[in-house]
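Just so we're aligned, residue 43 is where the sequence shown starts under this note's numbering, counting upward by one. Beta carbons: idealized from backbone N, C-alpha and C, even for Gly.
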Amino acid sequence: MGSVRTGDQLPMTGDQLPRVGDRLPPLEIEITRTLIVAGAIASRDYQDVHHDAELARQKGSPDIFMNILTTNGLVGRYITDHFGPTAVLRKVAIRLGAPNYPGDTMVLTGTVDELDGDTATVRVVGDNGIGRHVTGTVTVTVPTGGAR
Numbered sequence: 043m044g045s046v047r048t049g050d051q052l053p054m055t056g057d058q059l060p061r062v063g064d065r066l067p068p069l070e071i072e073i074t075r076t077l078i079v080a081g082a083i084a085s086r087d088y089q090d091v092h093h094d095a096e097l098a099r100q101k102g103s104p105d106i107f108m109n110i111l112t113t114n115g116l117v118g119r120y121i122t123d124h125f126g127p128t129a130v131l132r133k134v135a136i137r138l139g140a141p142n143y144p145g146d147t148m149v150l151t152g153t154v155d156e157l158d159g160d161t162a163t164v165r166v167v168g169d170n171g172i173g174r175h176v177t178g179t180v181t182v183t184v185p186t187g188g189a190r
């Protein structure tokens with residue numbers, strides 16, 4: 043699938059709870075044909091624009107592009123990679139913008155916007171070479187002692 047590189051900031055450790063204003067380390071995801079097609083198949087999205095380059099071009103797209111369910115999964119993974127295996131995603135609300143095409147890189151970033159006890163709301167942004175691919179918020183519960 044796509045290769046991944048993380049930034050300089052480290053994931054949470056020990057009994058840390060997030061604080062409003064905390065920035066998550068960036069996550070770089072290489073957008074490959076395999077990632078796009080595998081994500082579409084895994085989510086049972088058989089629209090031709092996610093697996094057939096020629097039909098995608100006939101419909102006005104320069105190539106196949108990632109579906110929203112794959113992006114949704116990558117956003118969720120970004121949050122749980124940071125907050126650890128005991129983190130529970132309560133809500134993921136995203137909006138797509140510029141398409142993710144093969145050969146590009148999407149960089150996810152996040153900032154803790156709100157905190158209510160052990161539940162945080164994180165604003166997430168994902169940019170690629172042509173613009174902003176995804177924006178949204180994720181509400182996540184981080185049980186005490188559960189953050190990495």
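Taking 8 Å as the limit between beta carbons, can you name the residues of its chain near G139, skipping five residues before and five after? Within the sequence shown, numbered from 1, the residue matching residue 139 stands at position 97. Excluding residues within five positions, the ones whose Cβ falls inside 8 Å are G173, R174, H175, V176 and T177.
Limits of the unbroken alpha helix (DSSP H) element including H124: By 1-based counting over the sequence shown, the position of residue 124 is 82. First-last of the alpha helix (DSSP H) with H124: I110 to F125.
Taking 8 Å as the cut-off, decide whether the C-beta atoms of T122 and P185 are in contact. One-based indexing of the sequence shown puts residue 122 at position 80. One-based indexing of the sequence shown puts residue 185 at position 143. Not a contact, by the Cβ cut-off of 8 Å.
Can you tell me whether A84 is buried or exposed? The criterion is at least 16 other CB atoms within 10 Å of its CB, across all chains shown. Working through the sequence shown from its first residue, we reach residue 84 at position 42. Flag for A84 reads exposed.
Could you check where the beta strand (DSSP E) with I71 kicks off and where it finishes? Numbered from 1 along the sequence shown, position 29 holds the residue referred to as residue 71. Counting along the chain, the beta strand (DSSP E) containing I71 begins and ends at R65 to E72.
Boundaries of the alpha helix (DSSP H) in which R99 is found, first to last residue: Locating residue 99 in the sequence shown gives position 57, counting from the first residue. Start and end: A95 to Q100.
Touching or not, the region 143-157 and the region 105-117, by the rule of three or more beta carbon pairs under 8 Å? yes
Near the ligand FMN: V91 beta-carbon under 7 Å from a heavy atom: Ligands displayed in this structure: none; no statement on the ligand FMN is therefore possible.
Please report how far the alpha carbon of T179 lies from the alpha carbon of A82, in whole angstroms. As a position in the sequence shown, residue 179 is number 137, starting the count at 1. As a position in the sequence shown, residue 82 is number 40, starting the count at 1. So the two alpha carbons sit approximately 22 Å from each other.
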